[in-house]
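Those protein sequence lines, which keep their order, are chains A and B.
Start counting the first sequence at 5; every next residue gets the next number (the numbering used here).
Start counting the second sequence at 20; every next residue gets the next number (the numbering used here).
For each residue, glycine too, the CB sits at the ideal point set by N, CA and C.
Take a look at the structure below.
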Amino acid sequence: MSLSALAAGAVVAARNPWPRYLVNEGEWRDASAALADGALTLIGLWGEVDCVHLAVLDAAQSDLAVLTLECVEGSFPSIGALHAPAIRFERAVEDLFGLEPKGAIDRRAWLDHGRWSAGAPLARTPHAARAPSYDFLPAEGESLHQVAVGPVHAGIIEPGHFRFTANGDTVVRLEERLGYAHKGVESLMAGADLERGLKLAGRVSGDSTVAYAFAFARAAEAALGIEAPPRAQRLRAVMAELERLANHFGDIGAICNDAAFVMMHAHCSVLRERVLRSADACFGHRLMRDFILPGGVARDIDASGVSHLRKGLRDWRRRFRGLITLYDETPSLEDRTVGTGIVKPELARQFGAGGFVGRASGRAFDARTAFPYPPYDRFTPEVPVLQEGDVDARVWIRIREAEHGMTLIERMLDDLPDGALRVETPACAGEGMALVEGFRGDVLVWLKLDAEAKIARCHLRDPSWMQWPLLEAAIEGNIVGDFPLCNKSFNCSYSGHDL
Amino acid sequence: MALTLRDLLVQGAQMALVLIVAPLLTGAVRAIKAHLVRRQGPSIFQPYRDLARLLRKEATMAENASWLFRVAPYLIFSATWIAAALVPTFAAGLVFSWAAALLAIVALLGGARFFLALAGMDVGTAFGGIGASREVMIAALAEPALIMIVFTLALIAGSTQLSTIAEFMQTPAVGLRVSLALALIALIIVAIAENSRMPIDNPATHLELTMVHEAMVLEYSARHLALIELASSLKLVAYISLIACVFLPWGIAPAASGWWELAIGAGAYVAKFSVCAVALAVFETSIAKLRVFRAPDFIGAALMLGLLAVLLRFVSQGL
């Protein structure tokens with residue numbers, strides 16, 4: 005069933021820029037069947053008081069729509085019962101809004117660890133607090149043992165719990181438990197003005213602050229019916245590409261470090277640091293936080309900044325070339341990365357994995373080319389795709405994206421348009437959605453504003469939602485000792501996922 | 020043989036020397052590795068400070084730790100110290116050289132490892148068990164390889180006494196032997212594996228899931244941890260001394276030599292020691308770690324080389 009067939013006859017609630025249809029239970033079930041047979045791809049599922057929203061992408065990856073179902077009795081037909089990628093979304097919806105997924109196979113709490121003062125805090129009437137107990141899925145068999153890792157880790161990383169069931173050194177099952185970094189972003193968003201909303205969005209996942217601010221700003225602009233000026237659009241993309249570059253450099257080194265190849269890590273860290281310092285020199289902040297605003301950007305770049313960046317790009321390109329050779333010509337390193345942590349293309353497609361995880365497993369989705377938002381309508385990025393799906397493929401996708409990202413920034417700087425940095429944001433009601441490609445994949449923001457342009461409801465969906473479950477699949481059959489390597493090659497966001 | 024004050028002093032100096040230089044070796048390898056990846060890194064004396072800090076701290080134990088967990092660090096430390104002190108570093112013909120048979124050293128180090136693996140499993144954590152099982156898997160291959168190397172040396176030098184071997188290796192009678200070259204390569208591989216160095220184990224990692232040696236000692240703290248850390252430094256010293264004593268024996272002061280020769284011996288030892296530290300750091304920086312299940316291939320090579328060396332020696336006395 006295609007998107008157009010699904011939409012036929014449905015009531016359009018909004019169209020900014022993609023349509024949102026009000027559907028009945030039958031149409032909702034049709035959508036879940038279409039998701040299960042692969043005609044549609046799930047790209048988001050979130051709750052609101054008394055209704056649930058489902059964002060889907062059609063098979064050609066050219067059209068997208070949101071389906072909204074009123075939850076009359078506080079429940080909705082479970083999509084996860086037919087389509088596994090929806091399970092964690094539904095558990096989160098139930099934790100936050102108390103809306104019950106009817107027929108769901110897994111009703112355990114996900115974000116709520118029983119430490120909140122009330123259950124379903126965003127529901128019309130919050131429940132009593134949940135019990136903190138949690139049952140991990142059983143794995144039975146002779147000579148199986150469990151290894152529990154986290155939520156506190158030895159390195160400086162975010163909190164998450166990993167429960168391995170292993171047979172000796174071979175992983176039989178991995179189960180993740182996330183939610184430790186939950187900070188209630190969605191409830192903080194409610195009632196906030198756009199300025200505060202932007203700040204919150206920029207703090208959802210620190211390494212993707214530009215991508216989040218970009219997505220939030222675009223959603224707000226769609227809701228208010230305004231468009232950022234050309235110069236602002238260009239600067240946004242330059243910042244987004246710089247962020248991608250810095251993160252890819254850091255990741256490539258960190259992956260090699262988890263194979264205990266320190267040389268690559270040291271040089272990549274230097275490279276990442278150079279990008280961050282250039283960002284600091286050009287924009288005044290290493291991570292370029294809070295510079296993208298609804299309606300434009302907060303800071304301009306001057307001629308010296310542009311020439312600084314150009315010089316930097318030449319230098320980075322030269323250094324990076326040497327590092328690619330080092331990666332490519334170290335057999336002991338490739339022995340670790342090739343064939344490790346394979347994600348099958350069918351799974352990547354089923355889960356709608358974006359970013360390097362999807363592209364390393366044959367899913368060529370990039371929000372910049374699928375729904376080209378300005379200035380990517382003029383600067384079409386190349387989207388590298390590999391079929392292998394192993395750690396090595398995820399490294400090579402990053403390498404290709406970083407290389408191309410440098411070219412893209414140079415081209416964007418070549419004819420930087422002049423003009424205003426910002427347009428005024430009117431105070432009016434509206435609803436908007438945006439899909440922006442961060443370094444991990446597509447960040448989705450859905451925003452509803454009230455008459456004073458205060459946030460009525462804002463949902464931020466990190467690309468990690470689609471990638472975390474694949475990590476569980478990737479590690480199966482690998483050895484316990486390869487988990488850090490696989491995990492780093494995914495580099496999913498804990499904070500972005502836990503909200 | 021009458022025991023003179025000089026003999027006692029030399030033996031005492033040897034025992035003190037290995038204990039004192041052991042943390043320095045660890046610190047030096049770390050400092051060189053840091054330098055190689057353009058980090059500043061801590062001073063080479065940092066391991067001494069760490070040991071002093073650990074000794075001051077209060078020891079905490081897992082609730083279900085048995086007596087074995089408590090005594091293991093002392094057993095591991097003393098066995099390793101004795102093994103390290105038995106290998107001639109700067110002077111041959113020590114008071115204890117009658118005991119310094121290669122097989123005794125292998126047995127002492129093997130005993131220390133046995134207790135370490137037991138202690139790793141004692142508290143029943145997942146990581147301790149994983150570490151112990153990995154360690155024993157590695158040992159199951161490294162130990163026979165070491166025995167093969169001992170056989171080769173014993174067949175060539177006619178003794179398993181290290182002093183005798185060292186003296187024999189300095190005579191022209193040794194000649195150029197294929198067996199010795201094979202034994203040297205095998206010994207280096209065994210030394211890397213036994214000391215939990217790259218590519219078998221990453222001594223600098225914080226990733227519990229990938230650890231071998233570190234996973235077993237995760238539950239130790241304070242003085243117990245200090246003893247285990249010192250023991251692993253001592254083990255590295257023992258292996259480096261062993262390689263130096265057998266394959267680079269030049270400069271070792273012969274039995275009953277004067278103070279001057281002892282000084283030359285000490286100087287030569289420091290030089291060999293530094294070369295090995297640099298070589299180890301460079302090697303560790305230039306490769307990635309092996310998967311646990313690939314480790315047997317690597318150590319198996321040592322076993323094969325050792326076996327080949329013994330066979331060659333048997334088949335042809337001249338080779």
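Within the stretch 407–479 of chain A, the complete beta strand (DSSP E) segments of 3 residues or longer fall at 434–441, 446–453, 459–465, listed in chain order. Counting only residues of its own chain and dropping the five nearest sequence neighbours on each side, proline 421 of chain A has a CB closer than 7 Å to the CB of Pro234, Arg235, Arg238. In this structure, proline 66 of chain B sits near proline 42 of chain B, with a CB-CB distance shorter than 8 Å. Setting aside the 5 residues that flank it on each side, phenylalanine 96 of chain B is surrounded in the same chain by Leu246, Ala250, each with a C-beta closer than 6 Å to its C-beta; the list follows chain order. Contacts between histidine 225 of chain B and chain A, judged by CB atoms closer than 7 Å, involve Ala158, Gly159 in chain order. Apart from sequence neighbours up to five positions away, the residues of its chain that approach isoleucine 401 of chain A with a beta-carbon distance below 7 Å are Phe360, Arg363, Ala364, Pro388, Leu390, ordered along the chain.
Between alanine 307 of chain B and threonine 334 of chain A, the beta carbon gap of about 7 Å places them in contact (Cβ cut-off 8 Å). The residues Asp99, Gly102, Asp116, Pro130, His131, Ala132, Ala133, Arg134, in chain order, have a CB closer than 8 Å to that of glycine 123 of chain A in the same chain once the five nearest residues on each side in sequence are set aside.
As summarised for the stretch 155–239 of chain B, the continuous alpha helix (DSSP H) elements at least 4 residues long and confined to that stretch are 181–188, 197–213, 232–235, given in chain order. Going by DSSP, tryptophan 86 of chain B is part of the alpha helix (DSSP H) stretching over 86–105. When C-alpha distances from serine 191 of chain A are compared across A:His463, A:Met416, A:Ala406, the shortest belongs to A:His463. Listed as beta-bridge partners of serine 79 of chain A by DSSP are A:Glu104.
Taking a C-beta distance under 8 Å as the contact criterion, alanine 104 of chain B and glutamine 33 of chain B qualify as a contact pair. Residue range 65–75 is occupied by the alpha helix (DSSP H) that includes tyrosine 67 of chain B.
Inter-residue distance for proline 23 of chain A and phenylalanine 220 of chain A is about 18 Å (C-alpha atoms, whole angstroms). About 6 Å separates the CB atoms of isoleucine 149 of chain B and alanine 234 of chain B; that is less than 8 Å, so the two are in contact. Residues of chain B with a Cβ closer than 7 Å to the Cβ of leucine 337 of chain A are, in chain order, Ala307.
For glutamate 144 of chain A, the three-state secondary structure derived from DSSP is coil.
At a cut-off of 8 Å between beta-carbon atoms, arginine 340 of chain A makes contact with chain B. Chain A places a beta carbon closer than 8 Å to that of alanine 145 of chain B, counting this residue as a contact. For phenylalanine 88 of chain B, no chain A residue has a C-beta closer than 7 Å to its own C-beta; the minimum C-beta separation is roughly 20 Å.
Looking from the CA of isoleucine 283 of chain B, the closest CA among B:Thr108, B:Leu44, B:Met80 belongs to B:Thr108. Glycine 257 of chain A has its alpha-carbon roughly 36 Å from the corresponding atom of valine 142 of chain B. Residue-level contact check: isoleucine 479 of chain A does not touch chain B, since none of the beta carbons of chain B fall below 8 Å from its beta carbon. With distances taken between CA atoms, phenylalanine 312 of chain B lies nearest to B:Val231 out of B:Leu73, B:Val231, B:Ala210. Your pair phenylalanine 287 of chain A and arginine 276 of chain A does not check out as a contact, with CB atoms roughly 16 Å apart and the cut at 8 Å.
When the beta-carbon positions are compared, leucine 73 of chain A and valine 15 of chain A stay at least 8 Å from each other. Counted as a single uninterrupted DSSP element, the alpha helix (DSSP H) harbouring tyrosine 288 of chain B occupies residues 278–304. In this structure, alanine 35 of chain A lies near valine 60 of chain A, with their beta-carbon atoms less than 8 Å apart. Nearest neighbour of glutamate 82 of chain B by Cα position, chosen from B:Thr144, B:Ala314, B:Thr224, turns out to be B:Thr144. Neighbourhood of alanine 152 of chain A in chain B, by CB distance below 7 Å: Ala145, in chain order. Counting the other Cβ atoms within 10 Å of the Cβ of glutamate 180 of chain A gives 16 or more, which makes it buried. Under the three-state reduction of DSSP, glutamine 150 of chain A is assigned to strand. Using a CB distance cut-off of 8 Å, proline 218 of chain B counts as an interface residue toward chain A. From the listed residues A:Gly210, A:Arg207, A:Val301, the smallest Cα separation to threonine 429 of chain A is found for A:Val301. Secondary structure of alanine 18 of chain A (DSSP, three-state): strand.
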